[in-house]
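Q: I'd like to ask some things about the structure below.
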Amino acid sequence: MKGTVNNARYRVAMLAVPAALALATRALGEEADLFSSPKVMMDTMWTLVTAMLVFFMNLGFAMVESGLCRAKNTVNILAKNFIVFGVSSIAFLVIGWGLMFGNGNGFVGTEGLFFLSGPDNSPATGDAYSGAYQAISWATVPLLAKFFFQLVFAGTAATIVSGAVAERIKFLSFVVFSFVMVGLLYPVTGHWIWGGGWLANLGMRDFAGSTVVHSVGGWAALAGVLLLGPRLGKYGRDGRVHPIPGHNMTSATIGVFVLWLGWFGFNPGSTMALDAKAIAHIAVTTNTAAAAASLTALLTAIVLLGKPDLSMILNGCLAGLVAITAPCAWVSVGSSLVIGAISGVLVVVAVLAFDRWGIDDPVGALSVHLVCGVFGTLAVGLFADSSAAPVTGPANGLFFGGGLGQLWAQFVGVVAVGAYTFGVSLLAWAAIKLVMGLRVSEQEELEGLDLGEHGITAYPDFQVANVGSGLSGGGGGPRRGSGQPVWGVQPAAERA
Numbered sequence: 005m006k007g008t009v010n011n012a013r014y015r016v017a018m019l020a021v022p023a024a025l026a027l028a029t030r031a032l033g034e035e036a037d038l039f040s041s042p043k044v045m046m047d048t049m050w051t052l053v054t055a056m057l058v059f060f061m062n063l064g065f066a067m068v069e070s071g072l073c074r075a076k077n078t079v080n081i082l083a084k085n086f087i088v089f090g091v092s093s094i095a096f097l098v099i100g101w102g103l104m105f106g107n108g109n110g111f112v113g114t115e116g117l118f119f120l121s122g123p124d125n126s127p128a129t130g131d132a133y134s135g136a137y138q139a140i141s142w143a144t145v146p147l148l149a150k151f152f153f154q155l156v157f158a159g160t161a162a163t164i165v166s167g168a169v170a171e172r173i174k175f176l177s178f179v180v181f182s183f184v185m186v187g188l189l190y191p192v193t194g195h196w197i198w199g200g201g202w203l204a205n206l207g208m209r210d211f212a213g214s215t216v217v218h219s220v221g222g223w224a225a226l227a228g229v230l231l232l233g234p235r236l237g238k239y240g241r242d243g244r245v246h247p248i249p250g251h252n253m254t255s256a257t258i259g260v261f262v263l264w265l266g267w268f269g270f271n272p273g274s275t276m277a278l279d280a281k282a283i284a285h286i287a288v289t290t291n292t293a294a295a296a297a298s299l300t301a302l303l304t305a306i307v308l309l310g311k312p313d314l315s316m317i318l319n320g321c322l323a324g325l326v327a328i329t330a331p332c333a334w335v336s337v338g339s340s341l342v343i344g345a346i347s348g349v350l351v352v353v354a355v356l357a358f359d360r361w362g363i364d365d366p367v368g369a370l371s372v373h374l375v376c377g378v379f380g381t382l383a384v385g386l387f388a389d390s391s392a393a394p395v396t397g398p399a400n401g402l403f404f405g406g407g408l409g410q411l412w413a414q415f416v417g418v419v420a421v422g423a424y425t426f427g428v429s430l431l432a433w434a435a436i437k438l439v440m441g442l443r444v445s446e447q448e449e450l451e452g453l454d455l456g457e458h459g460i461t462a463y464p465d466f467q468v469a470n471v472g473s474g475l476s477g478g479g480g481g482p483r484r485g486s487g488q489p490v491w492g493v494q495p496a497a498e499r500a
C-alpha cells in the first residue's frame, strides 16, 4: 500500500514539473514580449533621453552659480555642483526611491525601501502590475528607467540649495546635508504628491515638480540661509545693501541656456511616454512661459533699477520655467504666457525684497525656485483647463469655471510641504552646525573658499583687484552710481 502511494506521488510530481516549467516559460515569454513591444521600447527611449537632458542641467546650475558669484569661490562652487549629483545618486538608490514610491501609507513608502529591492514586474501597468511601487506603475517603462528619471529630479532639488548658501558654507557640511535631503527629506514630500500619499488623495496636482522639486529645494535653502547668515560685507550696520556682483556673466548666461534646453527634458519628459500631442503641448507651454518671463523681468528691472539688468533677465527666464513646471500639461498656451509674465515680475520683486529683509541669496535661488515654485503650484488651481489639456488632469481652475476646489488643494499642498520641508531642514542644518559647523572662518571667507576649502584656485594666473564701482540687482554685473566697489580679477602681468 505504501509503495502504491509513493508511486502515485511520483507520477503526480512528474506531471507537475513539466506543467510548472510550461507556466514559467509562458510567463517569461510574456515578459519578454512586453519588454520588446514597440511602445515599451519607444517610451523607455524617450524617458531615458529626457532624463539625460535633465542630468545635463547640472552643468547649467554650475555655470549659473559660479558666474553669479565671485572668482575666488569658483572651484568651491563647481565642486559642490559636481559632487551633489554623486551624493544624490547614492542617497536615492539606498533609501530615497523606496520612501518616495514604495507602497505604504499616506505619509511615506514602507515597501521595497532599500536599493530598489521590492518586487516589481514593470513595465506591466494597471491591474497587470504586481509589485512594491504601485504609485508609479502607470509608466510603461522598466523599473530602472523609472528610477533613473526620478533620480535626476532628486538631484535637481539638492542642487538648488547650493546657490543660496554659496560663498560661506563648509564644503563637507553641504555634502552631508545633500545626502540627508535626497535620502530622507525630499522623498517624504514627494511621496505625498507623486507617491500616492495624502496630498495626491486630496487632489493636489504637480505635473513636473514646481513644488515636489523646486519649492522643496527653495524651502531647504531658506532654512540654511537663515542659519548661515549673510556673506561678510553684504549688509552695512546702517541697513544699506552692499552689492556683491558676480564675476562672469558669460558663464551665467550660457548656464541659463543650458537650463532652458534641459527643461525640454524636465517638463515634456514627465509624460514618461512618447505621447506626441502631450509632448508638443508641454514643450510650447514651457517655452512660452520662459520667453514671457524673460521679457517681463527685463521690463520690471528697467522700472525698478533703471537698467535692463542681465542677471534679472536670466533669473526671469528661470522663474518662468519653474512656474510653468506644475501646470505645463494642463493649461493652454495663452495661460502659459500669463503665468510666465507674472513670474517674471515676481522674481525681480522677490530678489529686491529678500535683500531688503537681510536674507542673502547670491544667485536668486529663493526668488526663482521657492517664490515661483509656490506660484506655479497655485497656478494649477487658477489656470487648469480641461478643454486645452492633452492629458487627463485636475479639475478646472478658478479662472475656467472650476471654483475654489482645486486652488484649495494646491494651497494646502504648498503650506504642508513648506512647513514640513522648512522645519525638518532647519533641524538638519542645526544638527550639522552643532556637529561639524556650517560656516567657514572669516579669514577663509575673505580669502576665498577655493584656497581654504580646496587648496586650488580657478584662475591661478589672475589676482583679485578693485576694478571699479557699481550696483548690481540680484547678483549680476555692475551698475553705475552706487559708489560700491566691484571686485573682479585682473591678470597678474597687467597688474605688474
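If you want our numbering, it's the 1-based position in the sequence shown plus 4. Beta carbons are placed, not taken as given, at the ideal position from N, Cα and C, and that holds for glycine. Since this is a predicted model, take the numbers as computed values, not measurements.
#1: Considering only the beta carbon of each residue, do residue 260 and residue 308 sit closer than 8 Å?
#2: So residue 502 and residue 376 are in contact, right, with Cβ under 8 Å, and what is the actual spacing, rounded?
#3: Per DSSP, residue 443 is paired with what?
#4: Thinking C-alpha only, which one of 329, 287 and 147 is nearest residue 127?
#5: State the DSSP-derived secondary structure class of residue 367, mapped to helix, strand or coil.
#6: Would you call the region 213 to 230 and the region 417 to 434 touching, i.e. three or more CB-CB distances under 8 Å?
#7: Under three-state DSSP, which class holds residue 324?
#8: At 4 residues or longer, what runs of the alpha helix (DSSP H) sit wholly inside the region 188 to 245?
#9: If you follow the alpha helix (DSSP H) that residue 89 is in, where does it begin and where does it stop?
#10: Can you give the Cα-Cα distance for residue 163 and residue 171, rounded to whole angstroms?
#11: Identify the continuous alpha helix (DSSP H) that holds residue 340 and give its terminal residues.
#12: What does the alpha-carbon distance come out to for the pair residue 413 and residue 85?
#13: State the DSSP-derived secondary structure class of residue 459, mapped to helix, strand or coil.
#14: What's the C-alpha gap between residue 305 and residue 344?
#15: Give the DSSP-derived three-state secondary structure of residue 386 in the structure shown.
#16: Among the candidates 167, 102 and 165, whose CA atom is the shortest distance from the CA of residue 139?
#17: Mapping the DSSP letters down to three states, classify residue 466 as helix, strand or coil.
#18: How many whole angstroms separate the CB atoms of residue 286 and residue 333, which I take to be in contact at a CB cut-off of 8 Å?
#19: From this set, 276, 272 and 382, which residue's C-alpha is nearest residue 284's C-alpha?
#20: How many Å lie between residue 316 and residue 125 at the Cα?
#21: Would the region 230 to 243 and the region 443 to 461 be scored as touching if the rule is three or more Cβ pairs under 8 Å?
#22: Within the region 120 to 183, note down every full alpha helix (DSSP H) run reaching 4 residues or more, in order along the chain.
#23: Look at the Cβ atom of residue 367, then the Cβ atom of residue 282, and state whether they are nearer than 8 Å.
#24: Which term fits residue 174, buried or exposed, when burial requires 16 or more other beta carbons within 10 angstroms of its beta carbon?
#25: Pull up the distance between the alpha-carbon of residue 420 and that of residue 464, whole angstroms please.
#26: Would you say residue 100 and residue 239 are within 8 Å of each other, going by their C-beta atoms?
#27: Using only the alpha-carbon positions, how far apart do residue 219 and residue 158 sit?
#28: Could you tell me the distance, in whole angstroms, from the CA atom of residue 415 to the CA atom of residue 187?
#29: Given residue 51, which residues of its chain have a CB within under 6 Å of its CB, disregarding the five upstream and five downstream residues?
#30: At the level of alpha carbons, what is the spacing between residue 404 and residue 297?
#31: Can you tell me the Cα-Cα spacing of residue 156 and residue 418, whole angstroms?
#32: Nearest-angstrom Cα distance between residue 88 and residue 182?
#33: Excluding the 5 residues flanking residue 410 on each side, which residues of the same chain have their C-beta closer than 8 Å to its C-beta?
#34: Rounded to the nearest angstrom, how far is the Cβ of residue 337 from that of residue 381, given a contact under 8 Å?
#35: In angstroms with no decimal places, state the Cα-to-Cα distance between residue 160 and residue 62.
A: Taking the structure as given:
#1: Between residue 260 and residue 308, the CB-CB gap reaches or exceeds 8 Å.
#2: With the chain covering only 5 through 500, there is no way to say anything about residue 502.
#3: Residue 443 is bridged to 173.
#4: Measuring C-alpha to C-alpha distances from residue 127 to each of 329, 287 and 147 identifies 147 as the nearest.
#5: If DSSP states are grouped into helix, strand and coil, residue 367 belongs with coil.
#6: Yes, they touch.
#7: DSSP places residue 324 in helix when its eight states are reduced to three.
#8: Secondary structure in the region 188 to 245: the alpha helix (DSSP H) runs of 4 residues or longer, each lying completely within the stretch, are 190 to 198, 202 to 206 and 220 to 232 in chain order.
#9: Segment 78 to 95, the alpha helix (DSSP H) holding residue 89.
#10: Near 15 Å, if we compare the C-alpha coordinates of residue 171 and residue 163.
#11: Under the DSSP assignment, residue 340 falls in the alpha helix (DSSP H) whose first and last residues are 337 to 360.
#12: For residue 413 and residue 85, the distance between alpha carbons rounds to 34 Å.
#13: Coil at residue 459, not helix or strand.
#14: One C-alpha to the other measures close to 16 Å.
#15: Taken through DSSP and simplified to helix, strand or coil, residue 386 comes out as helix.
#16: Ranked by how close their Cα comes to the Cα of residue 139, the residues 167, 102 and 165 have 102 in first place.
#17: Three-state result, residue 466: strand.
#18: The beta-carbon separation of residue 286 and residue 333, rounded to 5 Å, stays under the 8 Å limit for a contact.
#19: When C-alpha distances from residue 284 are compared across 276, 272 and 382, the shortest belongs to 272.
#20: One Cα belongs to residue 316, the other to residue 125, and the distance between them is close to 47 Å.
#21: Taking a contact to require three or more Cβ pairs closer than 8 Å, the region 230 to 243 and the region 443 to 461 qualify as touching.
#22: Listed in chain order, they are 147 to 168.
#23: It is not a contact, given that the beta carbons lie outside the stated cut-off.
#24: Under this definition residue 174 is a buried residue.
#25: Rounded to the nearest angstrom, the two C-alpha atoms are 47 Å apart.
#26: Cβ atoms of residue 100 and residue 239: not closer than 8 Å.
#27: If you take the alpha carbons of residue 219 and residue 158, they lie about 12 Å apart.
#28: Computed Cα separation, rounded: 26 Å.
#29: Sequence-distant Cβ neighbours of residue 51 in its own chain, meaning closer than 6 Å and more than five residues away, are 145, 149, 153 and 276.
#30: When rounded, the distance between both Cα atoms is 22 Å.
#31: Roughly 22 Å separates the two Cα atoms.
#32: Distance between the alpha carbons of residue 88 and residue 182 is about 7 Å.
#33: Cβ within range, chain order: 207, 209, 384, 385, 388, 398, 399, 400, 401 and 402.
#34: That pair is no contact at about 20 Å.
#35: The straight-line gap from Cα to Cα measures roughly 7 Å.
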